[in-house]
Amino acid sequence: MSLEIRVLGDLTVLRLGEVVSLPPSKKTRALLAYLALVERPQRRERLCEMFWEVPDDPRGALRWSLSKIRQVVELGDGGILEADRNAVRLNTSEIVLDVAPLRGLGARDIEALEGEKLEALAGAFRGGFLDDLSLPRCPEFEAWRIATADELHVTHLRILRVLVDRLADEPARALPYAHVLHGLEPEDEALRADIRRLSEAARQSAMVQSRASRTEPAAAPSGETVTPQVWPAAEIQLRPPPERVLAQEIRRCTTPDGARLAYSLSGQGPPLVRAAHWMSHLELEWDSPVWKHWIEGLSAHYQLIRYDQRGNGLSDRYPADLSFEAMVADLESIIDAAGLRRVSLLGISQGCAVSIAYAVRHPERVAGMVLYGGFTKGWRKRGNQREIARREAMGSLIQEGWGQDDPVFRQMFTSLFIPEATPEQRNWYNELQRNTVSPEIAHRIFEEGAVIDVDELLPRVRVPTLVMHATGDAVIPFDHGQAMAGKIPGARFVALDSANHVLLGHEPAFATFVEETRRFLADPEQTQQLAGPPASLGINRSRQYITVLATEVVSPMHLLETEDPEVAIREFQPVEDRVIEVVESHGGVVTSAADGTITAAFGLARATEDHAYLACRAALAAKLAVEELSQGGIQLRVGIDTGEVIVRQQWTTQASKVELAGAAPRAANRLMRALHRATIAATGRARAAAGGYVQMHRLAHSEHPQLGRDERVYELLGENHALSRWHLRANRGLTGLVARELELKILLSTWRRVREGHGQVVGIVADPGMGKSRLAHEFLSLDEVAGFTVLECGGLEFDSSVTLG
695 MSLEIRVLGD LTVLRLGEVV SLPPSKKTRA LLAYLALVER PQRRERLCEM
745 FWEVPDDPRG ALRWSLSKIR QVVELGDGGI LEADRNAVRL NTSEIVLDVA
795 PLRGLGARDI EALEGEKLEA LAGAFRGGFL DDLSLPRCPE FEAWRIATAD
845 ELHVTHLRIL RVLVDRLADE PARALPYAHV LHGLEPEDEA LRADIRRLSE
895 AARQSAMVQS RASRTEPAAA PSGETVTPQV WPAAEIQLRP PPERVLAQEI
945 RRCTTPDGAR LAYSLSGQGP PLVRAAHWMS HLELEWDSPV WKHWIEGLSA
995 HYQLIRYDQR GNGLSDRYPA DLSFEAMVAD LESIIDAAGL RRVSLLGISQ
1045 GCAVSIAYAV RHPERVAGMV LYGGFTKGWR KRGNQREIAR REAMGSLIQE
1095 GWGQDDPVFR QMFTSLFIPE ATPEQRNWYN ELQRNTVSPE IAHRIFEEGA
1145 VIDVDELLPR VRVPTLVMHA TGDAVIPFDH GQAMAGKIPG ARFVALDSAN
1195 HVLLGHEPAF ATFVEETRRF LADPEQTQQL AGPPASLGIN RSRQYITVLA
1245 TEVVSPMHLL ETEDPEVAIR EFQPVEDRVI EVVESHGGVV TSAADGTITA
1295 AFGLARATED HAYLACRAAL AAKLAVEELS QGGIQLRVGI DTGEVIVRQQ
1345 WTTQASKVEL AGAAPRAANR LMRALHRATI AATGRARAAA GGYVQMHRLA
1395 HSEHPQLGRD ERVYELLGEN HALSRWHLRA NRGLTGLVAR ELELKILLST
1445 WRRVREGHGQ VVGIVADPGM GKSRLAHEFL SLDEVAGFTV LECGGLEFDS
1495 SVTLG
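Residues in the sequence shown are numbered from 695 upward in steps of one, following the numbering used here.
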């Protein structure tokens, strides 16, 4: 079959083995996944209700999404996506679904499967079910997605448990499955004990094998010389690989400039992408004594994505463009082709500069970055004339001696890269150089690396970063790594005790590298200790329309003139920490926190129209949390305002600071200080922006006498939970309403008649998508109307495209 759909992990579609670009719309991708799994015709009305809301013209949206899905799945004469006026169906008989062998498997079915089949099923779990397609605003789809994910999660656990039990006598094979299982059930103490037992058994087995391999040969007869056996490189490559659970899947993709790249996936867990470096070959590295321990060590904890740089290995061997810009574009292409939304990056040597450039361009897609043995300026850019002369001589030797059968020249490079290598490792590395890249391309890559310069990008890195460097590295001196870490805001630096540019499996430095990487990527932001808002804020951002929340901790202790500072800190710090935690959990960015006063902005960390509603929810949640924490002894006084601000973000090596210039921060703090009692108050602007989501009533001037009498201030009472389905659809913090002034005047005139005792029936009639729900929402948010109680308000929902509101 030519079409494959993978729903474990991020949604991925492959046609004839190549990854297909998917539409950017999450709903369209979710619709494709849903149709692929339900395996039966779906009524158009049901799909509209599941994915789209009435004001959004759901039928038109469905037609558009189906047209995009057809482009993804159809090839040739079609026949895969079947759609008529009433129903839609995906013909799955022509599709390979990664989840198909797993569905419906019960405990007895799993127990009955053979070991190889179980291992294949375990390998199918590249991640959680549709990890990238959470749609909170589509509750019916979300309920189906979560239920399916839970079912598959249970199946995954059962498969792993059976494998761990069956492979108990083969600890090296059982251990990777035990680690994956522990990642899914970290609180299982019995499993933790099993892992310790398996690890010890695997270590003992490895030691026995190692001793056997190092057994001294028998003494030679008198007069004979015993010559150590050196395997020819060709024979080394032909030796069968050792048995292992780990497998790699090699894929290919095409870059925008037409270059063909090969990349591979191995292991399970969060995605870790190794940026390409000079001299790589996906197949030869797999069993190489120089790189195998890297692959196995990282694949045990992550889904490791490696790729061959253009000109190397299985990628295009003679590309036209080998520039640094092409290197960065290749990394972009690989991450997109693999269907990854957010990744951790691993940069090694030249790959560090590529990773840095990518992280600066796409900070929202990088969870963390590990850089080892890297540089920021190529050898020509560094300007050291002695180094330039030495490197130019090496470049001439590359052109003349790289492809020769005699490895003497390549041995010079090997001695620089891995001076502490064993004879087997040296032989492998010598041949790896020749088999990976041609002399011409090797020289071009060598020269392109000479002019790399990302030094100016370092202060702009906004992702958590760990930098490691070998103390005795002869290829890239140790001080280059130190300098790199010093210029990246908040970067952590670790020195590794090694003389090798490529760390070898037998040296303690490699174990340190893996452990530091694991610890860092488990929680990059906490490990790096970056104090500041998310990296996506950027620097000196222009105008933003946001909501600002200013809150002050109110306690009887504040009335004591002799308040002990240490007692105050002990009393209030947990309260302030709890308020900050609540604010950030609601999407707020804390801009200042000192002496019991906290200011936060909503709508900064992510662009959203419901920032005022989120601020109100955060205020209510913080008020409740503080009262529970202090058992009623401490309260909050809160002011909320909405408006335009200028955002400035300043970075230092330890922290970042967000500054807001505009009326909203001042108004929120002024309102908070003006309140006579501990309550939550909002300006008229904030109330209008929050709309019908919340309940408010106007405060008397005596509650805030420091403000002008004409300033409207409202007390926040709570969320408006008792809204109809129609009302919930309409009530969002939306952009300003335009061109509906006349309709609002008509509704107001009718409302005044009602107020005078003359009952009225009002119908709002228009074509679908013209704004009937929005008009009703704006009308109910008017100050004059808000003083009355709305018993019920709704639309006649005969159909998804009804014209009567």
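Beta carbons are placed, not taken as given, at the ideal position from N, Cα and C, and that holds for glycine. These figures come from a predicted structure and were not determined experimentally.
Buried versus exposed, by CB contacts within 10 Å (16 or more), residue i
i, result
"Ala1383", "buried"
"Ser761", "exposed"
"Ser1027", "buried"
"Tyr1012", "exposed"
"Ala841", "exposed"
"Lys1439", "exposed"
"His1363", "A small correction: the amino acid at residue 1363 is Asn; His does not occupy that position in the sequence shown. Buried."
"Lys1317", "buried"
"Met744", "buried"
"Asp704", "buried"
"Ala1470", "buried"
"Glu1322", "exposed"
"Lys811", "exposed"
"Arg1000", "buried"
"Leu976", "buried"
"Gln1325", "exposed"
"Gln1514", "Because the chain here runs from 695 to 1499, residue 1514 falls outside it and cannot be looked at."
"Ser1443", "exposed"
"Asp863", "exposed"
"Gly1180", "exposed"
For residue i, the first and last residue of its enclosing alpha helix (DSSP H)
i, result
"Leu992", "986-993"
"Ser1467", "1466-1474"
"Pro641", "No information on residue 641 is available, as it lies outside the stretch 695 to 1499 that the chain covers here."
"Thr1070", "Run containing Thr1070: none; DSSP gives neither H nor E here."
"Ile1029", "1018-1031"
"Gln1044", "1044-1055"
"Tyr728", "720-732"
"Ile1139", "1133-1144"
Rounded Cβ spacing between residue i and residue j (contact assumed at less than 8 Å)
i, j, result
"Ser1043", "Trp972", "7 Å"
"Val858", "Leu878", "At roughly 12 Å, the Cβ-Cβ gap does not stay under 8 Å, so Val858 and Leu878 are not in contact."
"Leu1126", "Ala1051", "Not quite, the Cβ-Cβ distance comes to about 26 Å (not below 8 Å), so this is no contact."
"Arg1500", "Arg783", "Missing from the structure shown is residue 1500; the chain here goes from 695 to 1499 and no further."
"Val967", "Ile889", "About 27 Å; that fails the 8 Å criterion."
"Val701", "Leu731", "7 Å"
Assigned secondary structure, residue i (DSSP; H/G/I helix, E/B strand, else coil)
i, result
"Arg820", "coil"
"Tyr1239", "strand"
"Gln1329", "strand"
"Leu861", "coil"
"Glu834", "helix"
"Pro1183", "coil"
"Leu705", "coil"
"Trp1345", "Note that Trp1345 scores 47 on pLDDT, short of 50, meaning its location in the model is unreliable; the coordinates nonetheless yield the value given after this. Here Trp1345 sits in strand by DSSP."
"Ser698", "Per the sequence shown, the amino acid found at residue 698 is Glu instead of Ser. In this structure, Glu698 counts as strand in the three-state DSSP scheme."
"Glu768", "coil"
"Ser974", "coil"
"Thr1336", "strand"
"Leu1224", "Confidence at Leu1224 is low in this model, with a pLDDT of 39, below 50, so the placement of that residue should be treated as unreliable; the coordinate-derived value is given next. Of the three classes helix, strand and coil, the one that applies to Leu1224 here is coil, per DSSP."
"Asp844", "helix"
"His1200", "coil"
"Ala801", "helix"
For residue i, the first and last residue of its enclosing beta strand (DSSP E)
i, result
"Ile944", "942-948"
"Leu775", "775-777"
"Val790", "789-791"
"Pro965", "965-968"
"His1305", "Note, His1305: premise wrong, no beta strand (DSSP E); alpha helix (DSSP H) at 1305-1324."
Residue i Cβ short of 6 Å to the ligand COA heavy atom set
i, result
"Ala1358", "The ligand COA is not part of this structure, which contains no ligands at all."
Meets three-Cβ-pair contact criterion under 8 Å: the region 1060-1072 and the region 977-997: Segment contact: the region 1060-1072 against the region 977-997, fewer than three CB-CB distances shorter than 8 Å; contact not assigned.
Inter-stretch contact (C-beta, 8 Å, three-pair minimum) for the region 1064-1074 and the region 1143-1153: Result yes; three or more Cβ-Cβ pairs closer than 8 Å.
Sufficient close CB pairs (3 or more, under 8 Å) joining the region 1149-1166 to the region 1045-1053: Cβ pair count under 8 Å is three or more, so yes.
Three CB pairs or more closer than 8 Å across the region 1405-1413 and the region 1374-1381: With contact defined as three or more Cβ pairs closer than 8 Å, the region 1405-1413 and the region 1374-1381 are in contact.
At least three beta-carbon pairs within less than 8 Å, the region 1203-1214 to the region 989-1008: Contact between the region 1203-1214 and the region 989-1008 is present: 3 or more CB-CB pairs across the two stretches fall below 8 Å.
Contact between the region 710-717 and the region 943-952 (3+ Cβ pairs under 8 Å): As far as the Cβ criterion goes, the region 710-717 touches the region 943-952, which means the pair count is three or higher.
Three CB pairs or more closer than 8 Å across the region 1305-1314 and the region 1331-1342: Look at the beta carbons and you see the region 1305-1314 touching the region 1331-1342: at least three pairs across the two are nearer than 8 Å.
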